[in-house]
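A.B. asks:
There are 2 protein chains.
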Amino acid sequence: MNISYSIDQQQGKLQGKNHDPLLEDEKSMNRYDEVLVALRRIIRATDLHSKQLSKVSGLTSPQLLILQTLRHHGELTVGDVARRVSLSQATVTTIIDRLSKRGFVVRERGSTDKRKVFVHLTEQAIQALVDAPRPLQDSFVQQFQDLRDWEQSMILTSLERVAYMMDAQHIDASPVLDLGQLDRTDPGNH
Amino acid sequence: MNISYSIDQQQGKLQGKNHDPLLEDEKSMNRYDEVLVALRRIIRATDLHSKQLSKVSGLTSPQLLILQTLRHHGELTVGDVARRVSLSQATVTTIIDRLSKRGFVVRERGSTDKRKVFVHLTEQAIQALVDAPRPLQDSFVQQFQDLRDWEQSMILTSLERVAYMMDAQHIDASPVLDLGQLDRTDPGNH
DNA sequence: CTATAATGTTTAGAGTTCAAAGTAATTGAC
DNA sequence: GTCAATTACTTTGAACTCTAAACATTATAG
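Chains F and L, in that order, are what the protein sequence lines are.
To convert, note that position 25 of the first sequence is 25 in the UniProt record's numbering; the numbers rise steadily by one, no gaps.
To convert, note that position 121 of the second sequence is 121 in the UniProt record's numbering; the numbers rise steadily by one, no gaps.
1) Alpha carbon to alpha carbon, how far is leucine 65 of chain F from lysine 101 of chain F?
2) Buried or exposed: aspartate 80 of chain F, going by 16 or more other Cβ atoms within 10 Å of its Cβ?
3) Could you tell me whether the Cβ of glutamine 143 of chain F comes closer than 8 Å to any Cβ of chain L?
4) Check threonine 77 of chain L in the structure and name its three-state DSSP category.
5) So valine 162 of chain F contacts chain L; which residues on that side make the cut at Cβ distance below 8 Å?
6) Could you give the distance in angstroms between the alpha-carbon of valine 130 of chain F and the alpha-carbon of glutamine 68 of chain F?
7) So what's arginine 83 of chain F in DSSP terms, helix, strand or just coil?
8) Looking only at DSSP bridge pairs, what is valine 56 of chain F linked to?
9) In or out: histidine 72 of chain F buried (at least 16 other Cβ within 10 Å) or exposed?
10) Would you mind telling me which residues of chain F sit closer than 7 Å to glutamate 34 of chain L, beta carbon to beta carbon, in chain order?
11) Check phenylalanine 104 of chain L in the structure and name its three-state DSSP category.
12) Name the DSSP bridge partner or partners of phenylalanine 118 of chain F?
13) Give the straight-line distance between the Cα atoms of glutamate 75 of chain F and methionine 165 of chain F, rounded to the nearest whole angstrom.
14) Any contact between the segment 103 to 110 of chain F and the segment 140 to 156 of chain F? By contact I mean 3 or more CB pairs, one from each, below 8 Å.
15) Reducing DSSP to helix, strand and coil, say where aspartate 167 of chain F ends up.
16) Is DSSP giving aspartate 47 of chain F helix, strand or coil here?
17) To the nearest whole angstrom, what separates the beta carbons of valine 78 of chain F and valine 37 of chain F, a pair I think is in contact under 8 Å?
18) Rounded to whole angstroms, how far is the Cβ of leucine 53 of chain L from the Cβ of leucine 39 of chain F, which I believe are closer than 8 Å?
19) By a C-beta neighbour count over all protein chains shown, 10 Å radius and 16 as the cutoff for buried, is alanine 125 of chain L buried or exposed?
20) Please work out which residues of its chain come closer than 7 Å, Cβ to Cβ, to arginine 109 of chain F, disregarding the five sequence neighbours upstream and downstream, and give them in chain order.
21) Report the residue from L:Pro62, L:Arg161 and L:Val92 whose alpha carbon sits nearest the alpha carbon of serine 153 of chain F.
Listed below in structure tokens is the structure:
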């Protein structure tokens, strides 16, 4: 889960008393590389965040994300959930496996269309959601919300720009490997 | 590896003929949520990118990243590599396991300090690096480099800002769980 | 000079993630 | 009405990622 396979630099942050020796290449970095480094750091932070979250609340980010989606929408099929959280169906299946093993959700085969599997929350999950989540999220949210308005929109615009460029990249490269891609109506989930 | 556990919206992109039904909540989103959605999309794109890369070149992003780091620096210990690519030592170990099984790198126990394990590339790896990487990277790089100068720096600034805020978040939340955190000189790797 | 601390790596265990292949069930075409 | 295509989900196999604990080696303190 890393893009930046063309560089090898460091966060250059808090490396301690003696100056970070890895920072030396930084001068030779072009802006593109720096973007990738920043993304790597973001992704890592995000990952650590999830891990920590699960230590505190017992739920990882994707688990919480799926629970919260279900809380909003009552009952959804596995596929619906996958589309809503933009994860593949396979991934959602495994996450739901774990959630259901721990009694947070229940699977129920559809009665009219028996291919469908509906998922809904248990009481326990609703309880857990009430008092569980927040803590870790706060710091980042807080900081973000403390930014001035124009800074917030600048960041948002930038992120959306990057996301868009990356999506495009994916679509560009895809046809070589998957000719069906272009006809599909829902490329969000494969 | 997902931050945005408080929202459940869709990319809202290319959803096909009839308007995406999931987009309806978009109106109610605040800017903070949108930031998280953008990040999720970026992370996912990055992930898919890596998977595709490995289909084309036989190497995943982190593998390539580590190989390239070794190419630059000749020979490094496992720990050095970990610090340079900002992954945990354990993660690097497993990636190196795979690389060495495929004959791309060789491990060598240090002679003076026998705790250390040096890793270096094989001829085969150098060969693979010459003709392997590029293709997929290009599209994103291309697009990024086509942006005007101020746009590039805006994006870079924003990403670094986010990365910084996320690091801070991590450091903030940590002491509750790990009191040793504050004394460490290298928080980059735990 | 031995016990303890510090350093460096690996192993174990848990989770996320995806594509591809497999299994049902439904729909459409003839 | 039956057979093929499509749709929905699960299973499987492979990577990646982390922390915590186990091992091994080296350095240090008493």
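A virtual CB, placed ideally from N, CA and C, is assigned to each residue, including glycine.
C.D. replies: Let's see:
1) 17 Å
2) buried
3) yes
4) strand
5) Ala38, Ile42, Ile155 and Leu159
6) 10 Å
7) helix
8) Partner(s): none; valine 56 of chain F has no beta bridge.
9) exposed
10) Leu156
11) coil
12) F:Thr77 and F:Glu108
13) 34 Å
14) no
15) helix
16) helix
17) With 8 Å as the limit, valine 78 of chain F and valine 37 of chain F do not qualify as a contact, their Cβ atoms being about 37 Å apart.
18) Between leucine 39 of chain F and leucine 53 of chain L the Cβ distance is about 15 Å, and since that is not below 8 Å, they are no contact.
19) buried
20) Val117
21) L:Arg161
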